[in-house]
Structure formats: C-alpha cells, structure tokens
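Protein chains in written order, with the working numbering: chain U, 10 to 122; chain Y, 9 to 121. Cβ coordinates follow ideal geometry from the N, Cα and C atoms, glycine included.
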Amino acid sequence: EAGVVQSPRYKIIEKKQPVAFWCNPISGHNTLYWYRQNLGQGPELLIRYENEEAVDDSQLPKDRFSAERLKGVDSTLKIQPAELGDSAVYLCASSLVPEETQYFGPGTRLLVL
Amino acid sequence: DAKTTQPPSMDCAEGRAANLPCNHSTISGNEYVYWYRQIHSQGPQYIIHGLKNNETNEMASLIITEDRKSSTLILPHATLRDTAVYYCIVRFNSGGGADGLTFGKGTHLIIQP
C-alpha cells in the first residue's frame, strides 16, 4: 500500500514569492493534517481536515497561509507571500478517521532566501 | 506545550536493548501515549501506542506504569538504523473525537557500533 505522497520534496524560493505544496493521503483516509517543522523542533500542527472540511485551523497563519482539500482527497498548502521565517519542513499526515493512527509523508523542505 | 518530558539524548550499543523513558505526570483518562520516531530527513514514523496496558508489536514494546504517569519504549535489539529522534506524545482520544499530535523535542537516540 502506498504511503502519504508529498511534492515537491525540496523548494527554494526568494522571499515575497508564492509557493505551494501538494499532498496525496493514503487511500481511504478521510482525515488529513498539515504540520510545520522548524529546525531542531518537533512538528507543529497547522490545519486538520475531515473530508473537505477544515475542522482545526487555529494554528494556521491566515494572513499568508491557505489550504484546500477540494474533493476530500488531495490537499494543497499555499504560502503567499513567503517570508524568511517560513523556511521549514512541511509535513502532511493522514489517518483513516481522526481517532486512528496518523501516518506521515516525507515532507517538503522549504528554503526562503 | 508538550505534555511529556524526555531526555534530550541517549546512547545505546548495537545489539542491546534501548530503553527510552517518558514522563507524562498530568495525563488524563482519555489520553493515549504514542511513540513516533524521525530518522534524519524523513517524516515521523509511527511506532506504537497504548492507554493502560503494556503493548508489543514488531518494532517495539511499550511499558506504561500503573499510575500512567510515565512510560518506557523498548527497542529489544537496537541496530544502527534505529538512530533517530524518538517522540513520546500524549494524545486525547475519546473514540468520538481526537486531537492532532503535539510533539516536544524528543530524545535523540544514537546507536553505537
């Protein structure tokens, strides 16, 4: 069974540019999570989806970050415009339902110059 | 803030059992103990979780004290590939709803040849 797929794996952009990350969860998983991991820290939850609905986006910086999961499967996380402090690894995870175990993708490593 | 306390680093000899401690003195009745690990440049990998009873799977064993205020993850025969950051996470899960994962800084386990 395929795991969580993320792309791109690496992205380098200049500050003020937009950037987008894509996630394909494990087939059949209705819950999808985006986390951000700063260097030397553990991942921090940004947003959680149950099907198409964002049920917890309290930690998402809404001035520049947006996310969508239009058909309840794939999801996109966007930053516009990017700032130097956004350099981090962006991780996507999924679970069958919210109560079940979360499985993580490999992450997208973003560097903002 | 994370609800767990872990040593920042540990060493273990290859082939020996690695015992990773975790304190979670404020854990409540609906909170499970989860363990994940993260190998360099990869996403977090699920290891094991439990509520009250000790648990064992193909990767590890989880020993939870009777008062549930601490636990130990045991890797029975550590190999060099077990070198990683290990995260102990307390997660609310009532069966009718569950939180995302709140990561701390984890324990950096180094397996020595």
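When the options are compared against residue i, the one with the closest alpha-carbon
i, options, result
"GLU77(U)", "TYR19(U), GLU59(U) and PRO17(U)", "GLU59(U)"
"ASN47(U)", "THR117(U), ALA97(U) and GLU108(U)", "ALA97(U)"
"ARG99(Y)", "GLU22(Y), TYR40(Y) and SER17(Y)", "TYR40(Y)"
"ARG45(U)", "ASN39(U), TYR112(U) and ILE56(U)", "ILE56(U)"
"VAL14(U)", "ALA102(U), GLU108(U) and GLU109(U)", "ALA102(U)"
"TYR112(U)", "ASN33(U), LYS20(U), ARG73(U) and ARG18(U)", "ASN33(U)"
"THR12(Y)", "THR91(Y), VAL93(Y) and SER79(Y)", "SER79(Y)"
"PRO90(U)", "ALA29(U), SER67(U) and GLU61(U)", "ALA29(U)"
"ALA11(U)", "GLY114(U), ARG118(U), LYS71(U) and ILE22(U)", "GLY114(U)"
"PRO84(Y)", "GLN50(Y), GLU66(Y) and PHE111(Y)", "GLU66(Y)"
"TRP31(U)", "ARG18(U), LYS24(U) and ASP66(U)", "ARG18(U)"
"ASP75(Y)", "ILE82(Y), CYS96(Y) and THR34(Y)", "THR34(Y)"
Bridge-paired residues (DSSP) for residue i
i, result
"PHE74(U)", "ILE88(U)"
"PHE100(Y)", "GLU39(Y)"
"ASP66(U)", "DSSP lists no partner for ASP66(U)."
"MET18(Y)", "LEU117(Y)"
"HIS57(Y)", "TYR42(Y)"
"SER78(Y)", "ASN31(Y)"
"VAL121(U)", "ILE22(U)"
"VAL82(U)", "Beta-bridge pairing links VAL82(U) to no other residue."
Cβ-Cβ separation, residue j to residue i (assumed contact under 8 Å), whole Å
i, j, result
"GLY37(U)", "LEU105(U)", "7 Å"
"ILE56(Y)", "GLU63(Y)", "6 Å"
"CYS20(Y)", "ALA86(Y)", "5 Å"
"LEU41(U)", "SER75(U)", "That belief does not hold up - the Cβ atoms of LEU41(U) and SER75(U) are roughly 15 Å apart, past 8 Å."
"GLY51(U)", "LYS113(Y)", "6 Å"
With 16 other Cβ atoms within 10 Å as the buried cut-off, status of residue i
i, result
"HIS32(Y)", "buried"
"PRO27(U)", "exposed"
"LEU93(U)", "exposed"
"THR73(Y)", "exposed"
"GLY108(Y)", "buried"
Near the ligand MG: residue i beta-carbon under 8 Å from a heavy atom
i, result
"LYS11(Y)", "You won't find the ligand MG in this model; it holds no ligand whatsoever."
Validate contact between the stretch 110-118 of chain Y and the stretch 62-76 of chain Y using beta carbons, cut 8 Å, 3 pairs: no
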